[in-house]
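In this note's numbering, the protein residues as written are 504 to 907. The C-beta atom is built at its ideal place from N, Cα and C for all residues, glycine as well.
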Ligand code: SF4
Ligand code: SF4
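Put into structure tokens, the structure is as follows:
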């Protein structure tokens, strides 16, 4: 078992420059900025049209791995995502902020247990509905988007979450986030930048939609408010860090102890009184400072080779938090050129292996502090290495979930 209890921190594992930090608008995301540059229209995913054009063109040319059957597999995998919530369109489709089917009597009758018991119940249900990792944290208003494509998100004294003509309104009392991840298939991710990697990404989105919708409806059935959210409403990565799911790596996404960066993140926001989990530190930042594999394998040069910084690398970054900034537009431009999404950085990350990567036989005496040595040290420190002598078989976690 991963000794998570040995990794917990009392403080948040990141630094914020309060003077420079402002809530982030969805309109600054590369999907939105590239959409506008390409079409002159306001839209979040218009930027993917060019990616689809390349997909069709490669398919027509009969490029290996880009045939009709490859793309059809991707379309099928993505269908539930599009039906349930379209990557995260707030208060729409099945991501409605109001109950879908729960009888009014249940909505009005709050199940009255202690936070400890309610947290257990919620985690059990989330696992049942398909989550692989779950953590609970306070909803830090800093992480709530300042606005969606056209309307602001506001946090107010009110009893129900709702959308008005001009705003998305989150009640102040909805101050808890249940943050979850679903693991993607590591063999398929490693096929990036081929369509196969897109398929496991799409399955991840579909699975996250199902789980978010189901968990929100469960919470409403227990008498509390719930907002199911995929990529929308709030930044998933800092919420996941706060909830103890993992740490932010050089590649700009969350790295979990169990599945490395090979996960998709989502959340349910609620007013149910719940017990918080603690953030964790399992050496990711220390490790990333000596490892450049993601940056080296990025075809668009979007990932930094430098030290973490408060400075943004482009207009898509939010200043005010120390991290490795990503040039997101460059990343998305590669997707357009590739004709499919890309996961090269995730595939390259040694943490995806569940700490299986080859050990150097000299590690114990070696003084070079090479990346491999750091990796081996971290594995030993956190209990992944159950061997009598160096070079033996390490304990391995195999994230192998392929389907829904
Ligand atoms: S998804 Fe691909 S292009 Fe984007 S940052 Fe990762 S490796 Fe680079
Ligand atoms: S590939 Fe290396 S540098 Fe990049 S996120 Fe993974 S551990 Fe960090």
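Judged by DSSP secondary structure, residue 625 falls within the alpha helix (DSSP H) whose first and last residues are 618–632. With the rule of 3 Cβ pairs closer than 8 Å, the region 755–771 counts as touching the region 673–682. The C-alpha of residue 692 lies about 12 Å from the C-alpha of residue 843. Within the same chain, 558, 562 and 698 come within 8 Å of residue 574 by CB-CB distance, once the 5 residues on both sides are set aside. If you draw a straight line from the Cα of residue 808 to the Cα of residue 621, it is about 44 Å long. Apart from sequence neighbours up to five positions away, the residues of its chain that approach residue 703 with a beta-carbon distance below 7 Å are 687, 688, 691 and 692, ordered along the chain. In the three-state DSSP reduction, residue 648 falls in the coil class, being neither helix nor strand. Judged by beta-carbon spacing, residue 811 lies beyond the 8 Å limit of residue 618, meaning their Cβ atoms are not closer than that value. Residue 520 counts as exposed, since fewer than 16 other beta carbons sit within 10 angstroms of its beta carbon. Ranked by Cα distance from residue 836, the options 527, 742, 533 and 523 are led by 533.
In the structure shown, the three-state DSSP call for residue 557 is helix. Distance between residue 793 and residue 641, taken at the CA atoms: about 32 Å. By the neighbour-count criterion, in which a residue is buried when 16 or more other Cβ atoms sit within 10 angstroms of its Cβ, residue 820 is buried. Contact between the region 606–617 and the region 754–767 is absent, with fewer than three C-beta pairs closer than 8 Å.
A residue is called buried once 16 or more other Cβ atoms fall within 10 Å of its Cβ, and residue 662, having fewer, is exposed. Relative to the non-hydrogen atoms of ligand 2, the Cβ of residue 743 never comes closer than 7 Å to any of them. A buried status is given to residue 714, since no fewer than 16 other beta-carbon atoms sit within 10 Å of its beta-carbon. Boundaries of the beta strand (DSSP E) harbouring residue 684: 679–686, taken from the DSSP string.
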